[in-house]
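Quick note on our numbering: the sequence shown kicks off at 260 and runs consecutively.
Ideal placement from N, C-alpha and C gives every residue a C-beta, glycine not left out.
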Amino acid sequence: MRYKYIIGIDEVGRGPLAGPVTVCAAAVPREMKFHPLPNGVKLDDSKKLTARSRELWAKKLKEDGVIFAISSITPAVIDRINIAKAANRAAERSLKKLAEKKGIPLKRSLIFLDGGLYVDGGRTVIRADGRINAVKAASILAKVRRDRYMKKASFEYPEYGFEKHVGYGTKSHIAAIKKHGVSSMHRKTFCKFLGG
């Protein structure tokens with residue numbers, strides 16, 4: 260069988276103290292080439308790109324025809340089932356959306372996941388977000404979506420500075436939690452060491 264798509268699946272937000280874990284499944288046509296941005300920045304793992312480059316790449320990926328679906332799991336559910344199960348639940352949901360809502364034929368696709376994620380029919384690859392283009396694309400799209408969400412949340416919870424650290428455990432974020440306590444945006448199981 261000749262595969263039509265390469266599907267990459269990656270998550271962002273496994274480690275933060277606040278916000279959802281977000282997973283993207285990105286379907287890349289098998290023959291697609293990824294040319295650098297006009298400024299010369301190549302496709303890469305989202306963690307290795309600046310915020311500006313991620314935004315530009317997200318726009319380019321959409322324009323170039325990458326088909327994707329994104330799912331997020333809330334802090335309350337993460338607290339209930341744990342982060343590993345939450346990330347894999349989001350991976351399964353994203354892949355299902357890709358098939359059912361976007362019409363991607365999974366049987367004619369190769370599916371790769373970054374290490375730590377598992378779905379039926381997929382192959383988990385350690386550091387795939389730095390090695391496989393479809394996973395790099397998923398990494399960027401998930402990161403851009405989650406960062407935008409956290410920046411919007413900062414308007415409702417200005418005291419925590421989500422627009423700066425997007426939920427990660429920076430010194431300023433930890434200080435804000437100690438001062439104001441945890442909000443509904445926080446993962447209480449992640450904040451226990453702070454008295455949250």
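Based on the DSSP output, what are the partners of Pro288 in its beta bridges? Reading the sequence shown from its first residue, position 29 is the one you call residue 288. Pro288 is bridged to Tyr264.
Short Cβ contact (8 Å threshold) for Val403 with Glu314: Counting from one through the sequence shown, the residue named residue 403 turns up at place 144. Counting from one through the sequence shown, the residue named residue 314 turns up at place 55. Against a cut-off of 8 Å, the Cβ pair of Glu314 and Val403 comes out as a contact.
In the DSSP assignment, what residue or residues form a beta bridge with Ser368? Locating residue 368 in the sequence shown gives position 109, where the first residue counts as 1. Its beta-bridge partners are Tyr264.
Hey, Ser443 and Val271 are a contact pair by Cβ (cut 8 Å); roughly how many whole angstroms apart? Taking the sequence shown and counting its residues from 1, one reaches residue 443 at position 184. Taking the sequence shown and counting its residues from 1, one reaches residue 271 at position 12. 20 Å between Cβ atoms; not a contact.
Just list the beta strand (DSSP E) runs in the region 285-343, keeping only unbroken ones of 3 residues or longer that don't cross its boundaries, in chain order. 326-332
With burial defined as no fewer than 16 other Cβ atoms inside 10 Å of the residue's Cβ, what is the status of Ser431: buried or exposed? If you number the sequence shown from 1, residue 431 lands on position 172. Counting Cβ neighbours within 10 Å, Ser431 comes out exposed, since fewer than 16 surround it.
Which whole runs of the alpha helix (DSSP H) in the region 383-427 are 4 residues long or more, in chain order? 392-415 and 421-424
Can you tell me whether Gly278 is buried or exposed, with buried defined as 16 or more other CB within 10 angstroms of its CB? The residue you call residue 278 lines up with position 19 of the sequence shown. That one is buried.
On the premise that Ile342 lies in contact with Arg273, defined as a C-beta separation below 8 Å, what is that separation, rounded to the nearest angstrom? If you number the sequence shown from 1, residue 273 lands on position 14. If you number the sequence shown from 1, residue 342 lands on position 83. Right, the Cβ-Cβ distance comes to about 6 Å (below 8 Å), so this counts as a contact.
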